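For the sequence shown, our numbering gives the first residue as 2, with consecutive numbering after it.
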Amino acid sequence: MMTRVHAAALVAILVVLGGGVVAAVRLDGSPPATSAAPPVPVETTHVVSIPADRSTEVQIDDRWSIRVPAGGAGPAPATLAIEPVGGERVRPAGGTSLSAARLVLSSGQPTAPWTFVYHLDTPLPPDRLLYLLDDAGDGSAYGAPAVDATVHEVTPARVHLAALSPDRRTATVTVDHLSFKQWLTDAIGDLTHDIGAVFDQRTDAPTCSGPRPVWLTDAIYVDDQNAPMRVCTGHDPQQATVATVKVADNRGGALLFASPVRPTWTYQSVLGDGVPGWLDELRTAALGKLGIPASLADRTWLVAPGQQVHVGFAQAALAPSANPTVLRSRYTPETMAFGLIDTLLSRQLGHASPTWEYEALAYCTQGAAADAADGSPSVRTALVVAAKLAKCAVENVRPILDQLRAAMPASAWERLSPAIMRTADVAKGALGRLLLIAEATYIVTDIATTIALDPDALKINLFVTGPGSAPTGLTAQRKNFSGSLIVVLGWKPPRSGPVTGYQVTTSGTIASGTRTVPTPTLNDPDNYCSPTITYSVRAIGTGGTLSPAATVTINDPVDCTPAVVLDAARRNADGSVTVTADCQSAGRSPDATSPIVLLVGSTVVDPGTQQCHHAATGHDVHTITVARAPAGAVAARTTSPTGTKTSNALPIGPP
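1) According to the Cβ coordinates, are Val312 and Thr267 closer than 9 angstroms?
2) Assuming Ala458 and Ala228 are in contact, meaning their beta carbons sit under 8 angstroms apart, how far apart are those beta carbons, in whole angstroms?
3) What is the rounded straight-line gap between the Cα of Glu396 and the Cα of Thr156?
4) Secondary structure at Leu486, three-state DSSP: helix, strand or coil?
5) Starting from Trp266 and walking both ways along the beta strand (DSSP E), at which residues does that stretch end?
6) Around the C-beta of Lys480, are 16 or more other C-beta atoms found within 10 angstroms, so that it is buried, or is it exposed?
7) Quick check on the DSSP output: the alpha helix (DSSP H) that includes Phe339 runs from which residue to which?
8) Could you give the residue range of the alpha helix (DSSP H) that holds Met422?
9) Measure from the alpha carbon of Thr501 to the alpha carbon of each residue in Leu454, Ile511 and Ile541, then state which is nearest.
10) Measure the Cβ-Cβ separation of Leu328 and Ser260 and say whether it is below 9 angstroms.
11) Distance, Cα to Cα, Glu282 vs Ala137?
12) Decide if the stretch 561-578 is in contact with the stretch 636-656; the criterion is three or more beta carbon pairs, one per stretch, under 8 angstroms apart.
13) Cα-Cα, which of Leu454, His623, Asn649 and Leu567 is closest to Asp201?
14) What number of angstroms, rounded off, separates the C-alpha of Arg496 from the C-alpha of Ile625?
15) Assign Phe482 to buried or exposed, taking buried as 16 or more other Cβ atoms, counted over all protein chains shown, within 10 Å of its Cβ.
16) Under 9 angstroms between the Cβ atoms of Ala363 and Lys290?
17) Is the distance from the Cβ of Val271 to the Cβ of Ala353 below 9 angstroms?
18) Spatial neighbours of Tyr222 within its chain, please: C-beta separation below 6 angstroms, excluding the five flanking residues on both sides.
19) Report the residue from Asp122, Ala79, Ala441 and Ala53 whose alpha carbon sits nearest the alpha carbon of Ala163.
20) So Asp583 and Val565 are supposed to be a Cβ contact under 8 angstroms. How far apart are they, rounded?
21) Check this for me: beta carbons of Leu179 and Pro111, under 9 angstroms apart or not?
22) Using only alpha-carbon positions, find the residue among Gly254, Arg638 and Thr57 that is nearest to Gly602.
23) How would you write the range of the alpha helix (DSSP H) that Pro655 sits in, first residue to last?
24) Report the three-state DSSP secondary structure of Pro400 (helix, strand or coil).
25) His236 to Gly211, Cα distance in whole Å?
26) Just how far apart, CA to CA, sit Ala650 and Pro642?
27) What is the DSSP secondary structure of Thr156, reduced to helix, strand or coil?
28) Give the straight-line distance between the Cα atoms of Thr208 and Asn528, rounded to the nearest whole angstrom.
29) Is the closest heavy atom of the ligand NAD to the C-beta of Val152 under 8 angstroms?
30) Pull up the distance between the alpha-carbon of Ala286 and that of Gln404, whole angstroms please.
31) Pro85 by DSSP, collapsed to three states: which one?
32) Which complete beta strand (DSSP E) runs does the stretch 460-539 hold, if anything under 3 residues is left out?
33) Can you list, in chain order, the residues of its chain whose CB lies under 7 angstroms from that of Lys493, leaving out five sequence neighbours each side?
34) For the putative contact between Ala391 and Leu435, defined by C-beta atoms under 8 angstroms, what is the C-beta separation to the nearest angstrom?
35) Might you give, ordered along the chain, the residues of its own chain that have their beta carbon closer than 8 angstroms to the beta carbon of Trp48, omitting 5 neighbours on each side?
36) Round the Cβ separation of Thr57 and Ile51 to the nearest angstrom and send it over; I've been treating them as touching at under 8 angstroms.
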């Protein structure tokens with residue numbers, strides 16, 4: 002292969018007519034140019050002169066030629082090096098190459114447009130198109146030997162529909178630069194059939210570890226080999242109480258799969274475990290262009306054909322009140338197009354390429370298209386959208402790669418860039434026929450096939466055992482039962498069952514916690530004196546499922562601090578002081594004790610060695626002796642969660 006000095010061009014002509022190859026004969030009958038270069042032998046590098054003062058026709062062989070206008074190679078004479086390439090070595094997916102060549106102009110690029118001409122033996126049939134594939138590179142992206150090679154630079158590509166002579170026997174395309182050029186023709190029916198057939202592909206159902214957890218009583222979905230989703234349900238092998246739902250896309254378009262609640266964990270086969278943050282951000286950006294807000298991206302998945310998504314749900318994630326919880330899927334023209342591109346590219350690469358595909362989708366999608374009225378996108382619409390996406394991706398390969406590199410950590414780019422560059426390069430060959438559709442969308446107007454979708458086949462209904470509604474009529478009141486001070490709770494069972502018991506969660510100043518009771522009532526002996534108490538009650542269903550909560554809060558005024566009356570205070574002969582205190586607890590003090598603190602002025606002389614107890618008579622009398630106390634009046638102070646009280650002040654009498 003010759004050295005690339007200035008501008009390289011590969012010119013190849015592909016023709017498929019009636020299932021065969023057109024014979025190589027020149028048919029235009031036009032007079033010779035002022036200067037003509039002889040045909041170039043196949044597989045032989047040749048150099049021809051390009052004069053500056055007159056037009057020149059470079060006759061590559063007896064089928065095609067290049068018309069160079071006077072001065073088209075610059076103000077001075079130049080040379081054009083021609084390196085033919087065997088057709089089978091330069092063949093994009095879906096095309097048949099007849100001849101190819103790389104061209105190098107000694108003066109650089111043309112200074113005036115050159116005309117590429119292709120001659121047909123017979124008129125081009127109305128149901129066929131002739132076009133020129135235009136790649137700024139050297140054509141290696143289209144050859145099988147380059148598939149596993151390292152790609153150092155990816156060049157943009159596009160296609161030009163050829164202008165046909167009135168008799169449809171001569172095709173021309175005008176270009177202003179030399180690059181990879183390849184003539185192709187395609188039968189419209191074959192093109193649309195071959196690409197449209199991708200949407201009919203099928204895949205195997207996923208496999209789940211069974212059975213489902215007991216709390217997930219049922220999962221209803223269409224279980225058929227032709228359903229758009231292949232589904233299974235079971236349990237997480239690592240956590241048997243966690244339910245697992247696995248979905249495989251069973252169509253040629255990508256599936257948008259969504260959950261109304263955030264799963265406990267997720268797994269997507271194309272991404273694997275441990276998805277890095279930058280890749281998840283790329284996925285989120287791509288979903289955003291499909292109309293999925295970032296707030297829903299962690300429970301929405303774009304599943305390409307044959308790929309799977311797995312989601313795990315803990316019991317608490319699926320409320321019985323929502324029975325059934327419905328997991329929904331849908332196809333849009335964009336997702337169908339994405340699936341087609343993914344399939345065509347994966348066939349060439351031998352594997353999926355989510356990193357490049359997410360970035361290309363985010364860069365090239367302007368906004369989500371509306372679903373078809375019946376939820377079934379047509380093949381026609383999907384092909385048009387796919388063609389536009391492919392056209393954008395290969396024409397804007399450099400900015401897409403630049404944005405992708407900016408979005409990735411340097412270490413990730415260094416590690417993954419060889420595969421990403423190869424993907425972008427191979428995409429040009431894999432998506433070549435879609436580029437043609439992008440230039441002539443009228444070729445799909447006769448396709449009206451709609452992807453047949455049963456609406457129920459796009460849903461998974463999950464049913465949870467247990468009550469679907471909260472208990473009703475929940476009340477809570479403070480009660481004094483002959484001196485026993487408690488809070489009494491009562492409620493009614495939920496309207497739906499079955500119910501095996503109730504879970505009561507208490508949040509109080511004195512005591513908090515959760516307990517289980519068998520009947521719809523509870524006496525709380527701990528929180529009578531809590532100024533504010535909140536109770537939440539849930540019904541327990543079969544398998545331990547919980548209903549939504551009924552909640553009540555009480556914060557009515559309550560006085561739980563016993564009053565103390567000092568009856569006597571005298572100083573003893575040894576200097577100690579004895580105090581008689583009457584705790585008057587009837588009707589308001591709790592069963593819990595309250596310390597009696599003695600003070601003389603602001604000085605604590607007894608920190609609470611004795612405590613007030615509830616007494617049936619209402620009087621709990623205490624005699625308290627303190628070793629030392631200053632002169633003055635003594636008082637008693639009692640406390641409880643509801644406040645502090647100070648008794649009468651009594652002067653300390655003589656012995």
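Yeah, the Cβ is synthetic: ideal placement off N, Cα and C, and Gly gets one too.
Note that the coordinates shown come from a computational prediction; the quantities given were computed from them, not determined experimentally.
To lay it out plainly:
1) yes
2) 5 angstroms
3) 8 angstroms
4) strand
5) Trp266 to Gln269
6) exposed
7) Pro334 to Leu350
8) Ala411 to Ala431
9) Ile541
10) yes
11) 31 angstroms
12) yes
13) Leu454
14) 59 angstroms
15) exposed
16) yes
17) yes
18) Val232 and Ile461
19) Ala441
20) 7 angstroms
21) yes
22) Arg638
23) No alpha helix (DSSP H) contains Pro655, which DSSP labels as neither H nor E.
24) helix
25) 6 angstroms
26) 23 angstroms
27) coil
28) 52 angstroms
29) Only the bare structure without any ligand can be found here, which leaves the ligand NAD out of the picture.
30) 12 angstroms
31) strand
32) 460-465, 473-482, 485-493, 502-509, 513-518 and 522-525
33) Pro472, Thr473, Gly474 and Pro521
34) 4 angstroms
35) Correcting the residue identity first, residue 48 is Val in this sequence and not Trp. Excluding positions up to five away in sequence, the list reads Thr80, Leu81, Ala82 and Ile83.
36) 6 angstroms
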